[in-house]
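**Q** To start, I am sharing the structure in question, which I have written as structure tokens.
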Amino acid sequence: SFLWTVDAALSDPVIGTVIRSVEPPLSVDDILAVIFFNDEELEICAGSSLYHLTQKLKLQIRDDYLKLLNNLITKHPDLFPLERFTQDDVIPNNRLLRLYGFILPNNPHDSYDLVLTTHPQAPLYSQKVALFESIGLQVNSTFPLKLSDPLPLNVLQYLRIQRLSPSEISTLAVSRGTKDRISARNEAEILKALDEACENLLAGFSVSLEELEAKIASGTYQKGSNAWAAAHVSIGEQKILMATLQKAKELLALVVCANCGKANENNKRCGRCRKVVYCGIDCQKSHYKEHKVLCKTAGE
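Given below as structure tokens:
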């Protein structure tokens, strides 16, 4: 076996280079903590000061390495064209930054992972699980939302099953599948839930899309910096959620009466714009002044 010392560690052609690059410089205890144990051996002293010190230093070395790599790549695009890293893979910026420490501005593969689940104590749970499986979905499913497809059909299918009422679960519409809406009630409920969820998710971003774009354009976030990369990740995800929200609103407008908000199977589309529905002539007349500008624009 080889007895590691500080001098031996610093002289090592691989470890020494890494240790010497860390800022601020590592102490004697720090150096020995980094190179003394492998992961399995370190777990034996989990909870001790040595364990926490070593884990902290490993993270510091990793972060310093990623920062160095990012600075090298972004400052020399002629030597490291970023597109070459992803030309054979569909990788969104949130994963690029997490795995490789860099992002692609306006990455066409950006996505937002929407996680949907149904509680085991939900009504008709076992029947709904069977319906999920019949269309190739799991009760715990993750759906990638993209700008090119901000509200995939399988998201709507999942939610249609999740929100089925006892009277709907055995209907002919369900037996044919869930590619089309089950009922006006069911469709209105899932689209309102999507609308609310997107609004809440967007409200959870600490810096708005507009503010991030302004800071990038003004140079507040230096190109290639961590803040610049993080801003691009946030911008990409916010754009996707905004597109999902817009799509949900457009679909909801085709289900509930534009005037009274009722979800009725007999609601009829506006004959001119075809973008809203009404439950009757009275509601259409009452909503005319509010709707005529949109209707006129859509008809041109």
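Letter by letter, the sequence shown follows residues 1 to 300 of the UniProt record's numbering.
Even for Gly, the Cβ is constructed at its ideal location relative to N, Cα and C.
These figures come from a predicted structure and were not determined experimentally.
Measuring CB atoms only, is the segment 186 to 196 touching the segment 151 to 161, in the sense that at least three cross pairs come out at less than 8 Å?
**A** Short answer: they touch.
**Q** Short of 6 Å in beta carbon distance, which residues of its chain neighbour L137, apart from the five on each side in sequence? Order them along the chain.
**A** As a first step, residue 137 must be located in the sequence shown, where it is residue number 137. Cβ within range, chain order: Y158.
**Q** Locate the beta strand (DSSP E) running through T244, then write down its first and last residues.
**A** Translated into positions along the sequence shown, residue 244 becomes position 244. Element bounds for T244: not the beta strand (DSSP E) but the alpha helix (DSSP H), N226 to L252.
**Q** Rounded to whole angstroms, what is the Cα-Cα separation between A122 and N140?
**A** As a working mapping, residue 122 is identified with position 122 in the sequence shown. As a working mapping, residue 140 is identified with position 140 in the sequence shown. About 14 Å.
**Q** Apart from the five residues on each side of it in sequence, which residues of its chain come closer than 6 Å, Cβ to Cβ, to R269?
**A** Residue mapping note: residue 269 aligns to position 269 of the sequence shown, counting from 1. Here the set comprises V277.
**Q** So the alpha helix (DSSP H) D195 belongs to, where does it begin and stop?
**A** Residue mapping note: residue 195 aligns to position 195 of the sequence shown, counting from 1. From DSSP, the alpha helix (DSSP H) with D195 extends over A184 to A203.
**Q** Taking S141 as part of the beta strand (DSSP E), name the residues at either end of that continuous run.
**A** Reading the sequence shown from its first residue, position 141 is the one you call residue 141. Run containing S141: S141 to L145, per the beta strand (DSSP E) assignment.
**Q** CA-CA distance, S148 and A130?
**A** Position 148 of the sequence shown, counted from the first residue, corresponds to residue 148. Position 130 of the sequence shown, counted from the first residue, corresponds to residue 130. If you take the alpha carbons of S148 and A130, they lie about 30 Å apart.
**Q** Starting from V115, follow the beta strand (DSSP E) in both directions and report where the run begins and ends.
**A** Position 115 of the sequence shown, counted from the start, is the residue given in the question as residue 115. Run containing V115: Y112 to L116, per the beta strand (DSSP E) assignment.
**Q** Would you identify the three-state DSSP class for P13, choosing helix, strand or coil?
**A** In the sequence shown, counting from the first residue as 1, residue 13 sits at position 13. Coil at P13, not helix or strand.
**Q** From R160 to I235, what distance separates their C-alpha atoms?
**A** Counting from 1 along the sequence shown, the entry for residue 160 is found at position 160. Counting from 1 along the sequence shown, the entry for residue 235 is found at position 235. For R160 and I235, the distance between alpha carbons rounds to 30 Å.
**Q** Just to confirm the assignment, what range does the alpha helix (DSSP H) spanning R98 have?
**A** The residue you call residue 98 lines up with position 98 of the sequence shown. Taken as a continuous stretch (DSSP letters only), the alpha helix (DSSP H) holding R98 covers N93 to Y100.
**Q** Excluding five sequence neighbours on each side, which residues of the same chain lie with their C-beta closer than 6 Å to the C-beta of C198?
**A** Residue numbering aside, residue 198 sits at position 198 when the sequence shown is read from its first letter. The residues are L241, T244 and L245.
**Q** Run the CB neighbour count on D7, radius 10 Å, all protein chains shown included, and call it buried at 16 or more, exposed below.
**A** For this step, residue 7 is matched to residue 7 along the sequence shown. D7 comes out exposed.
**Q** Taking the continuous alpha helix (DSSP H) assigned at S126, which residues delimit it?
**A** Against the sequence shown, residue 126 aligns to sequence position 126. Taken as a continuous stretch (DSSP letters only), the alpha helix (DSSP H) holding S126 covers Y125 to S134.
**Q** Around the Cβ of S170, are there at least 16 other Cβ atoms within 10 angstroms (buried) or fewer (exposed)?
**A** Within the sequence shown, numbered from 1, the residue matching residue 170 stands at position 170. Exposed, by the Cβ-count rule.
**Q** Pick helix, strand or coil for Y221, following the three-state DSSP scheme.
**A** For this step, residue 221 is matched to residue 221 along the sequence shown. Reduced to three states, the DSSP call for Y221 is coil.
**Q** Could you tell me how far apart the beta carbons of A229 and I103 are, in whole angstroms, since I believe they sit closer than 8 Å?
**A** Looking up residue 229 in the sequence shown gives position 229. Looking up residue 103 in the sequence shown gives position 103. Indeed they touch by this definition, with Cβ atoms about 5 Å apart.
**Q** Pairing CB atoms from the segment 257 to 272 with CB atoms from the segment 207 to 223, are three or more of them under 8 Å?
**A** Result no; under three Cβ-Cβ pairs closer than 8 Å.
**Q** Enumerate in chain order the residues of its own chain whose CB-to-CB distance from A193 is below 8 Å, with the five nearest sequence positions on each side excluded.
**A** Taking the first residue of the sequence shown as 1, we reach residue 193 at position 193. Excluding sequence neighbours, A193 sits near L159 and R163.
**Q** Starting from N154, follow the alpha helix (DSSP H) in both directions and report where the run begins and ends.
**A** The count along the sequence shown starts at 1 and reaches residue 154 at position 154. Where N154 is concerned, the enclosing alpha helix (DSSP H) stretches over L153 to Q162.
**Q** On the DSSP bridge assignment, give the partners of K268 in chain order.
**A** On the sequence shown, position 268 is the one that residue 268 refers to. For K268, which the question treats as bridged, DSSP gives the partners Y278.
**Q** Would DSSP call C257 helix, strand or coil?
**A** Start at 1 with the first residue of the sequence shown, and residue 257 comes out as number 257. If DSSP states are grouped into helix, strand and coil, C257 belongs with the strands.
**Q** Label L145 either buried or exposed according to how many other C-beta atoms from any shown protein chain fall within 10 Å of its C-beta, with 16 as the threshold for buried.
**A** As a working note, residue 145 is residue 145 in the sequence shown. L145 is buried by the Cβ-count criterion.
**Q** Taking only the alpha-carbon atoms, compute the straight-line gap between residue 301 and H287 and give it to the nearest angstrom.
**A** Given a span of 1 to 300 for the chain in the structure shown, any question on residue 301 remains unanswerable.
**Q** May I ask you to report which of helix, strand or coil DSSP gives D180?
**A** Position 180 of the sequence shown, counted from the start, is the residue given in the question as residue 180. Three-state DSSP puts D180 in coil, outside helix and strand.
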